[in-house]
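Colleague: Submitted below is the structure of interest, expressed as structure tokens.
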Amino acid sequence: MPRTYFGLPLRSAVFDAAVVLGALLLCVAGLGSDNFGVAQFLLGTVMCLALLFRRRYATIACTVVALLALFQTMMDWQVLPHDVAVLVAGYSVVKYSKRLWEGFAAGGALLIGVVLAVNDTEQNWEEKGSMGVALGSLVAGVWFAGLNARNRRLYVVSLEDRAETLEREQAHLARIAVGEERNRIARELHDIVAHSLAVMIVQADGARYVMDANPEKAREAMRTIGDTGRESLEEMRRLVGVLREAPDEDRNVVVLNQVETLVERSEAAGLLIEMTHVGQPRGLPQALELTAYRIVQEALTNTLKHAGAGTRVTLTFEWLPHTLNIAIVDDGGGQVPRPVGSGGHGLVGMRERAMLYGGELIAKPRLVGGFEVFATLPLRP
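Residue numbers (the UniProt record's numbering): 1 to 381.
This is the structure:
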């Protein structure tokens, strides 16, 4: 945070001190001259010191200077060197006052002061007129200079406020982005771990039941467990790699090709899956294809967990010009295994994935038994 003096930045405080010091030097230089005694010096000193408050208390400082100048006129003192403080005070009140009418009042007061000062001289009317025009032009120039400086100051203030607002908005968006990224990572971890563990648990239970009666089938189940674990580890490594690298939304990596591997793994765990494509499959943005893959993965995982081996599943991809419809329907006819736990995050994660791309997901029990999941994902033309 920059250092301040009397509530002002160092640069502004030094500048104001230099202005006051210059005005005081004019007072000192006038000492000993005609019509400039100790009284005039003291009055001028107070007028100059009032300029120290020309930024924070511009109206008060200008009022003090104006009253002292009026007192000077009433005392029939002529224009003195320190009267430059009147112009500085008028400029300051126009630039720094909170309300513009205060600047207009200061300009009017300066013009009245010019009239009084000129009228108090012993010159003829022609000389008074010339002097009045000159001083009036000087006052008008100072006033317009203050108005221009005021407009620039307010413009800078508005830019600073806008920058602060933008910074707050960016910080807010950053917090939202962090939260969304956390949710995305949580969904990815859930999808990877939940499916793999469900397959491994079912295979492990099956191997234990048939170990004595059918050792070959038990060994096959153990191989499936090993393959599933290795594939899950590879997916975890891939996820970490994605998190470390910037995403490329324009890269068409057909993640849906991996659905066949997912189906084979689920069939090895005991599901009976029939997969069909309606329409012409095509490459999609990586994130959208990953979303479709995760929806299918979670639906098959839930079927395996809650319906068990022997369940028939129909998996349909309907490719429309602007939409990809995915349907996962099971008959719930398998042998329900022992509960393997459910956290309730799977369906929520699937809905969030679909909604993220403007789609929707419906998951509900079937009246004839079983469960069905319908997902609609908009496709870019």
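Backbone N, C-alpha and C define an ideal beta-carbon position, used for all residues, glycine too.
Note that the structure is predicted; figures quoted are calculated from it, not measured.
(1) Quick check on the DSSP output: the beta strand (DSSP E) that includes Met47 runs from which residue to which?
(2) Do Met47 and Leu68 have their C-beta atoms closer together than 8 Å?
(3) What's the gap between the Cα of residue 382 and the Cα of Leu320?
(4) Please name the residue, chosen from Ala268, Val259 and Gly270, that lies closest to His277 on a Cα-to-Cα basis.
(5) Secondary structure at Met275, three-state DSSP: helix, strand or coil?
(6) Is Leu262 near Thr303, with beta carbons less than 8 Å apart?
(7) Using DSSP's beta-bridge definition, name the partner residues of Glu102.
(8) What's the call for Arg353, buried or exposed, on a 16-neighbour Cβ count within 10 Å?
(9) Among all the DSSP beta bridges, which residues are the ones paired with Lys305?
(10) So is the beta-carbon of Thr73 under 7 Å away from any non-hydrogen atom of the ligand COA?
(11) Going by DSSP, what residue range makes up the alpha helix (DSSP H) through Ala268?
(12) Measure the Cβ-Cβ separation of Val20 and Leu52 and say whether it is below 8 Å.
(13) Are the beta-carbon atoms belonging to Arg153 and Ser92 less than 8 Å from one another?
(14) Looking only at DSSP bridge pairs, what is Ala327 linked to?
(15) What is the DSSP secondary structure of Pro365, reduced to helix, strand or coil?
(16) For Met74 and Glu169, what's the separation of their Cα atoms in angstroms?
(17) Rounded to a whole number of angstroms, what is the C-alpha to C-alpha distance between Arg11 and Ala17?
(18) Under 8 Å by Cβ, that's how I've got Val373 and Ile328 pegged, so tell me the actual separation to the nearest angstrom.
(19) Exposed or buried, Met355, counting other C-beta atoms within 10 Å across all chains shown (16 or more means buried)?
(20) Can you tell which of Gly146, Gly226, Thr316 and Arg294 has the C-alpha that lies nearest to the C-alpha of Gly349?
(21) Distance, Cα to Cα, Asn183 vs Ile176?
(22) Determine the closest residue to Cys27 out of Phe15, Leu43, Ala13 and Val14, with distance taken between C-alpha atoms.
(23) What does the alpha-carbon distance come out to for the pair Glu318 and Val156?
(24) Looking at the unbroken alpha helix (DSSP H) that takes in Tyr91, where does it start and where does it end?
(25) How many angstroms separate the CA atom of Ala39 from the CA atom of Asn151?
(26) Going straight from the alpha carbon of Arg351 to that of Ile201, what length do you get?
(27) Any idea if Asp212 is buried or exposed, counting beta-carbon neighbours within 10 angstroms, 16 or more meaning buried?
(28) Quick check: what's the CA-CA separation for Glu249 versus His322?
(29) On a CA-only basis, which of Ala375, Arg99, Ala221 and Val64 is nearest Ala299? Give me that one, please.
(30) Run through the DSSP bridge pairs and tell me what Glu360 is partnered with.
(31) Cα separation between Gln297 and Asp330?
(32) Expressed to the nearest angstrom, what Euclidean distance is found between the alpha-carbon atoms of Ala145 and Ala50?
(33) When we look at the beta-carbon of Ile225 and count the other beta-carbons within 10 Å, is it buried (16 or more) or exposed?
Modeller: Straight from the coordinates:
(1) The count along the sequence shown starts at 1 and reaches residue 47 at position 47. First-last for Met47: Val38 to Ala50, but that is the alpha helix (DSSP H), not the beta strand (DSSP E).
(2) Here residue 47 is taken as the residue at index 47 of the sequence shown, counted from 1. Here residue 68 is taken as the residue at index 68 of the sequence shown, counted from 1. It is a contact, given that the beta carbons lie within the stated cut-off.
(3) This structure cannot speak to residue 382, because the chain is shown only from 1 to 381.
(4) The residue you call residue 277 lines up with position 277 of the sequence shown. Among Ala268, Val259 and Gly270, the Cα nearest to that of His277 belongs to Val259.
(5) On the sequence shown, residue 275 is found 275 positions in, with the first residue counted as 1. Note: Met275 maps to strand in three-state DSSP.
(6) Taking the sequence shown and counting its residues from 1, the one referred to as residue 262 is at position 262. Taking the sequence shown and counting its residues from 1, the one referred to as residue 303 is at position 303. For Leu262 and Thr303, no; Cβs fall outside 8 Å.
(7) Indexing the sequence shown from 1 puts residue 102 at position 102. Answer by DSSP bridge pairing: none, since Glu102 is not bridged.
(8) Counting from one through the sequence shown, the residue named residue 353 turns up at place 353. Arg353 should be labelled buried.
(9) As a position in the sequence shown, residue 305 is number 305, starting the count at 1. DSSP, once it has assigned bridges, lists no residue as partnering Lys305.
(10) Absence of the ligand COA is noted for the structure shown, with no ligands found whatsoever.
(11) Taking the sequence shown and counting its residues from 1, the one referred to as residue 268 is at position 268. Its alpha helix (DSSP H) spans residues Val259 to Ala268.
(12) Position 20 of the sequence shown, counted from the first residue, corresponds to residue 20. Position 52 of the sequence shown, counted from the first residue, corresponds to residue 52. A contact, by the Cβ cut-off of 8 Å.
(13) Walking along the sequence shown from the start, residue 153 turns up at place 153. Walking along the sequence shown from the start, residue 92 turns up at place 92. For Arg153 and Ser92, no; Cβs fall outside 8 Å.
(14) Within the sequence shown, numbered from 1, the residue matching residue 327 stands at position 327. Ala327 is bridged to Thr316 and Phe374.
(15) As a working mapping, residue 365 is identified with position 365 in the sequence shown. Here Pro365 sits in strand by DSSP.
(16) Residue mapping note: residue 74 aligns to position 74 of the sequence shown, counting from 1. Residue mapping note: residue 169 aligns to position 169 of the sequence shown, counting from 1. Their backbone Cα atoms lie some 58 Å apart in a straight line.
(17) Against the sequence shown, residue 11 aligns to sequence position 11. Against the sequence shown, residue 17 aligns to sequence position 17. Approximately 10 Å, taken between the alpha carbons.
(18) The sequence position of residue 373 within the sequence shown is 373, counting from 1. The sequence position of residue 328 within the sequence shown is 328, counting from 1. Rounded, the Cβ-Cβ distance is 4 Å, consistent with contact.
(19) The count along the sequence shown starts at 1 and reaches residue 355 at position 355. Met355 comes out exposed.
(20) Here residue 349 refers to the residue found at position 349 when the sequence shown is read from its first residue. Residue Arg294 is the option with its Cα nearest to Gly349.
(21) In the sequence shown, the residue the question calls residue 183 occupies position 183. In the sequence shown, the residue the question calls residue 176 occupies position 176. So the two alpha carbons sit approximately 11 Å from each other.
(22) Taking the sequence shown and counting its residues from 1, the one referred to as residue 27 is at position 27. The residue with the shortest Cα to Cα distance from Cys27 is Leu43.
(23) Counting from 1 along the sequence shown, the entry for residue 318 is found at position 318. Counting from 1 along the sequence shown, the entry for residue 156 is found at position 156. Looking at the two C-alpha atoms, the distance is approximately 57 Å.
(24) On the sequence shown, residue 91 is found 91 positions in, with the first residue counted as 1. Where Tyr91 is concerned, the enclosing alpha helix (DSSP H) stretches over Val84 to Tyr96.
(25) Taking the sequence shown and counting its residues from 1, the one referred to as residue 39 is at position 39. Taking the sequence shown and counting its residues from 1, the one referred to as residue 151 is at position 151. Distance between the alpha carbons of Ala39 and Asn151: 39 Å.
(26) As a working mapping, residue 351 is identified with position 351 in the sequence shown. As a working mapping, residue 201 is identified with position 201 in the sequence shown. Looking at the two C-alpha atoms, the distance is approximately 26 Å.
(27) What you label residue 212 is simply residue 212 of the sequence shown in a count that begins at 1. Classification of Asp212: exposed, given that the 10 Å Cβ count is below 16.
(28) In the sequence shown, residue 249 corresponds to position 249, counting from 1. In the sequence shown, residue 322 corresponds to position 322, counting from 1. Per-residue confidence for Glu249 stands at a pLDDT of 44, beneath the threshold of 50, marking its modelled position as unreliable; the derived number appears in the next sentence. About 18 Å.
(29) Taking the first residue of the sequence shown as position 1, residue 299 is located at position 299. Nearest C-alpha to Ala299: Ala375.
(30) Position 360 of the sequence shown, counting from 1, holds the residue named residue 360. The partner list for Glu360 (beta bridge, DSSP) reads Thr376.
(31) Against the sequence shown, residue 297 aligns to sequence position 297. Against the sequence shown, residue 330 aligns to sequence position 330. So the alpha carbons of these two residues sit roughly 14 Å apart.
(32) Indexing the sequence shown from 1 puts residue 145 at position 145. Indexing the sequence shown from 1 puts residue 50 at position 50. Those two C-alpha atoms are separated by around 21 Å.
(33) The count along the sequence shown starts at 1 and reaches residue 225 at position 225. Its Cβ being crowded by 16 or more others within 10 Å, Ile225 is buried.
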